[in-house]
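Trainee: Before I ask anything, let me first share the structure, which is written out below as C-alpha cells.
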Amino acid sequence: MKKFFSLVLALAMALSMASFASAEETTTIHIGVIGPMTGAAAVYGLAVARGAEIAVEEINAAGKVNIVLDVQDDENDAEKSINAYNATLDKGTQVILGCVTTTPCIAVSAQAYDERVFMLTPSASSLEVIANKDNAYQVCFTDPAQGSASAEYIFNKKVGEKVAIIYNNADTYSTGIYQTFESKAAELGLNIVSVTTFTNDTTDFSVQVTEAKNAGADVVFLPIYYTPASQILNAANTMGYKPVFFGVDGMDGILTMPGFDVALAEDVMLLTPFSADAPDELTKSFVGKYQEKYGEVPNQFAADAYDGIYALAAAAEKAGVKGDEAPEDICDAMIAAMQELTVTGLTGTMVWDATGAVTKTPTAVIIKNGVYVGAEAAAAE
1 MKKFFSLVLA LAMALSMASF ASAEETTTIH IGVIGPMTGA AAVYGLAVAR
51 GAEIAVEEIN AAGKVNIVLD VQDDENDAEK SINAYNATLD KGTQVILGCV
101 TTTPCIAVSA QAYDERVFML TPSASSLEVI ANKDNAYQVC FTDPAQGSAS
151 AEYIFNKKVG EKVAIIYNNA DTYSTGIYQT FESKAAELGL NIVSVTTFTN
201 DTTDFSVQVT EAKNAGADVV FLPIYYTPAS QILNAANTMG YKPVFFGVDG
251 MDGILTMPGF DVALAEDVML LTPFSADAPD ELTKSFVGKY QEKYGEVPNQ
301 FAADAYDGIY ALAAAAEKAG VKGDEAPEDI CDAMIAAMQE LTVTGLTGTM
351 VWDATGAVTK TPTAVIIKNG VYVGAEAAAA E
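Given below as C-alpha cells:
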C-alpha cells in the first residue's frame with residue numbers, strides 16, 4: 001500500500017502528488033542541517049544532507065511550502081558543532097535538522113534550548129539530546145528503544161542461544177543501547193555469555209572477538225557505529241569465527257565505507273526503521289531518485305532526514321511560519337505543532353509526545369550480496 005503523509009502533506013511525497021495551494025499562501029521556512037560532511041563519520045552526514053535535499057526539492061516543487069536549506073559541517077565534533085550552529089543561524093536559519101551524531105547533538109541541543117531554537121535530529125538517539133529540552137525532537141528511535149527492541153528480536157526470532165556484546169564504553173550512544181539491551185535480555189532470559197568494551201581509540205579488536213568466540217557466542221550484538229563494526233568483522237574473519245553479528249542503526253553505512261570488503265558483512269543483521277528494498281511506491285520513488293542523483297542506495301540516515309524535512313514542513317505550515325520570523329519567535333508554535341502531527345513516511349508512521357521522542361516500529365534487515373533486504377523476506381526464500 002502506498003505510503004502517504006496523513007496531514008497537510010497527504011500526497012506530497014508521491015510521484016503522482018497533487019499540487020499545493022497558490023503561491024500567495026506559501027509558507028517559507030529556513031532550515032539548517034548540521035552534521036559531519038567530512039571526516040570518519042561523513043557517511044552519516046552526507047546521507048542526511050542528501051536525503052534532506054531530495055525532500056526539499058519535492059516540497060518546493062509542490063508549491064505550498066518553500067524551504068531554504070543551509071548545510072553545515074560539524075566534523076562529528078562537539079565544539080565544531082556549536083560553530084556550525086552559530087554559522088547557520090547567522091545565515092537566517094529558523095529551525096535545525098540536526099545534529100546527526102550524538103555528542104555534537106547534545107552540545108547543540110543545550111544551546112538551542114537556551115536560545116529557543118526548535119530542532120529535530122534525524123539520527124542522534126541518546127535521551128540526553130532531548131532530556132528536559134522541550135524544543136528538541138527526534139526522528140530516530142531513542143537508545144533505550146533500540147536496545148530493548150534488539151533484545152526482543154533476538155529472543156523472539158531465536159537468532160541464537162548465546163549472546164556476546166561488544167560496545168564502546170566511551171560513547172554515550174553505544175553505552176545507552178547496551179544498558180537497555182542488557183536489562184531487557186535479563187528480563188527475557190536471553191543468555192549473555194560475554195561482554196567486552198573498547199574506546200574511541202581502539203583499532204585492534206582481537207581480544208574482544210577472541211573472548212566472544214571462546215565463550216561460544218553464536219550471536220554478537222554490536223551497538224556501535226560502522227567503523228569499529230568493520231574492524232570487528234575483519235578480526236572475526238581472520239579467526240574464522242562466524243556468529244550472527246547483530247547491529248543497530250549506527251551500523252548503517254558499512255556497505256559504503258571506503259576500503260571495506262562488503263563480503264565480510266554478509267548475513268549481518270540490524271534493526272532499522274528503513275529498508276531500501278521495501279515494495280511501497282514511496283520507498284521505490286525515493287530510492288530511485290537517490291540512486292540517480294548520488295549513484296548509491298540510500299541508507300536509514302538519508303531516509304530519516306527525508307522524513308524529518310517533511311515533518312518540519314508540516315509543522316511550519318501548521319504553526320503559520322512565514323519565513324521572516326526570528327527562531328525564538330516560532331519555537332513554541334513549532335513545539336505545539338509537532339505534538340499534533342501524525343506523519344507516515346519512509347521510516348514508518350510517526351507521532352511525537354512532549355518529551356520529543358518518536359513512536360514508530362523498527363524493521364529487521366539482513367545484508368545479502370552487498371545489499372540490505374528485509375529479514376522476514378530473506379527468511380521466507
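Going left to right, the sequence shown walks through residues 1 to 381 as the working numbering numbers them.
C-beta: ideal position from N, C-alpha, C; glycine also.
Model, not experiment: these values are computed from the prediction.
Please tell me whether residue 54 and residue 372 are closer than 8 Å, where the distance is taken between their beta carbons.
Mentor: Not a contact, by the Cβ cut-off of 8 Å.
Trainee: Since residue 271 is in the beta strand (DSSP E), which residue starts that stretch and which ends it?
Mentor: Its beta strand (DSSP E) spans residues 269–272.
Trainee: Which of the three DSSP states is assigned to residue 372 in this structure?
Mentor: Strand.
Trainee: Is residue 146 buried or exposed, if buried means 16 or more other CB atoms sit within 10 Å of its CB?
Mentor: Per the 10 Å Cβ criterion, buried.
Trainee: Measuring CB atoms only, is the stretch 331–342 touching the stretch 302–321, in the sense that at least three cross pairs come out at less than 8 Å?
Mentor: The answer is yes - the stretch 302–321 touches the stretch 331–342, with three or more Cβ pairs under 8 Å.
Trainee: Taking residue 92 and residue 35 to be in contact with their CB atoms under 8 Å, please state how far apart those CB atoms are, rounded to whole angstroms.
Mentor: About 19 Å separates the two Cβ atoms, so there is no contact after all.
Trainee: Could you work out which residue in 126, 311 and 44 is closest to residue 342 when comparing CA atoms only?
Mentor: Residue 311 is the option with its Cα nearest to residue 342.
Trainee: For residue 194, write down the residues that DSSP places opposite it in a beta bridge.
Mentor: Beta-bridge pairing links residue 194 to 164.
Trainee: Report buried or exposed for residue 66, applying the criterion of at least 16 other Cβ atoms within 10 angstroms of its Cβ.
Mentor: With 16 or more other Cβ atoms within 10 Å, it is buried.
Trainee: Could you pull out every residue in the same chain whose Cβ sits closer than 7 Å to the Cβ of residue 369, ignoring the five residues on either side in sequence?
Mentor: Answer for residue 369: no residue qualifies.
Trainee: So, with DSSP's three-state summary, where would you put residue 22?
Mentor: Confidence at residue 22 is low in this model, with a pLDDT of 42, below 50, so its placement is unreliable and no value can be given for it.
Trainee: Is it buried or exposed for residue 354, if we count other Cβ within 10 angstroms and need 16 for buried?
Mentor: When all chains shown are included, residue 354 counts as exposed.
Trainee: Only counting the same chain, and skipping five residues up and downstream in sequence, which positions put a Cβ closer than 6 Å to that of residue 22?
Mentor: Residue confidence is low: residue 22 scores 42 on pLDDT, short of 50, so the model does not pin down where it sits. No coordinate-derived value is stated.
Trainee: Label residue 144 either buried or exposed according to how many other C-beta atoms from any shown protein chain fall within 10 Å of its C-beta, with 16 as the threshold for buried.
Mentor: By the 10 Å Cβ count, residue 144 comes out buried.
Trainee: Contact defined as beta carbons within less than 8 Å: I believe residue 82 pairs with residue 107. What is the distance between those atoms, to the nearest angstrom?
Mentor: That pair is a contact at about 6 Å.
Trainee: If I follow the unbroken alpha helix (DSSP H) through residue 385, where does it start and stop?
Mentor: Since the displayed the chain opens at 1 and closes at 381, residue 385 lies outside it and no answer follows.
Trainee: Is residue 126 closer than 8 Å to residue 176 when the C-beta atoms are compared?
Mentor: In contact: residue 176 and residue 126 (Cβ atoms closer than 8 Å).
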